[in-house]
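Encoded as C-alpha cells, the structure appears first; notes follow it.
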Amino acid sequence: MNITFIGMAGAGKSTIGRALAKRLDYTFIDVDRLITEKTGMPLQSLIDKHGDPALIRFEEEAILRLGQVDRCIISPGGSVVYSEKAMEHLKSMSKIIFLDVPFRNIMKRLFNARKRGIVGLRDRSLKDLFEERIVLYQKYADFSIKLQGKENIPGLVETIIELCFKEDA
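For any residue, its number in the numbering used here is found by taking its place in the sequence shown, counting from 1, and adding 113.
Right, dumping it as C-alpha cells:
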C-alpha cells in the first residue's frame, strides 16, 4: 500500500510525509524533487522559462513513471490536482490524504510564495488558487485531515496510520 498527500504548498505534505515514511519504514517520494532532478532547474525557473503547463506536464509524467510502487509515501506538488491522469494514477495505487490547512496558515508559511514554483500565481492571487484547488483536493481525497498549525507530528502520524490501515485490519 502507498499513501499520497495532497494540499497547498506549505500544508506540510513533506514534513508529515517524511515522518510517516520513517514510522512505517516506507520510501518517501518527493515529486517536486523528481522534477528538479529531471529538468535540472528549480520549479520556479521551470515556470519562468516554460510556463505553468510545463510544470503540470512534468509533474504528471513523474507520477505516471512511478508505475506500481509499493510501501511509499508520495508527496506531489499542490498543482497535481490539475492533472486528471496523474490523480487517477495516484488514486489507483494509493490512499489519498488531503491536508486541509486554513488559508491564513498557508499565507504565514508561504511568505516567499512567488519563489516557490506555484502554478497559477502569475495571473491569480494565492487566495484564488486556494479556493480553486480546495474543491479539487476534496474531490480526490480518500481522507481529509484538518490541520490548524502547531500539530503534534507523531500523534498525527498515528492518526493517519489508523485512517489508512483500519479497514485492512
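Don't be surprised by glycine CBs; every beta carbon is placed ideally from N, CA and C.
At least three beta-carbon pairs within less than 8 Å, the region 197 to 212 to the region 250 to 262: Contact holds: three or more Cβ-Cβ distances are below 8 Å.
S205 in three-state terms, based on DSSP: Locating residue 205 in the sequence shown gives position 92, counting from the first residue. Correct three-state label for S205: helix.
Segments of 4+ residues assigned as alpha helix (DSSP H) that fall wholly inside the region 212 to 249: DSSP runs (the alpha helix (DSSP H)) wholly in the region 212 to 249: 216 to 222.
Test item: CB-CB of L147 and V194 under 8 Å: For the purposes of this step, residue 147 is identified with residue 34 of the sequence shown, where counting begins at 1. For the purposes of this step, residue 194 is identified with residue 81 of the sequence shown, where counting begins at 1. In this structure, the beta-carbon distance from L147 to V194 does not fall below 8 Å.
S205 classed as buried or exposed, judged by whether at least 16 other C-beta atoms fall within 10 angstroms: Taking the first residue of the sequence shown as position 1, residue 205 is located at position 92. Classified as exposed, S205 has fewer than 16 neighbouring CB atoms from the shown chains inside 10 Å of its CB.
Distance, R136 Cα to F270 Cα: Here residue 270 corresponds to residue number 157 of the sequence shown, with the count starting at 1. Here residue 136 corresponds to residue number 23 of the sequence shown, with the count starting at 1. The amino acid at residue 270 is misidentified as Phe; the sequence shows Val. Cα to Cα, the separation comes out at about 8 Å.
Pair within 8 Å by beta-carbon distance, S192 and F118: To locate residue 192, count along the sequence shown from 1; it is residue 79. To locate residue 118, count along the sequence shown from 1; it is residue 5. In this structure, S192 lies away from F118, with their beta-carbon atoms at least 8 Å apart.
Nearest neighbour of Q251, chosen from S238, M114, G120 and L203 [CA to CA]: Along the sequence shown, read from residue 1 onward, the residue named residue 251 stands at position 138. Considering only S238, M114, G120 and L203, the residue with the shortest C-alpha distance to Q251 is G120.
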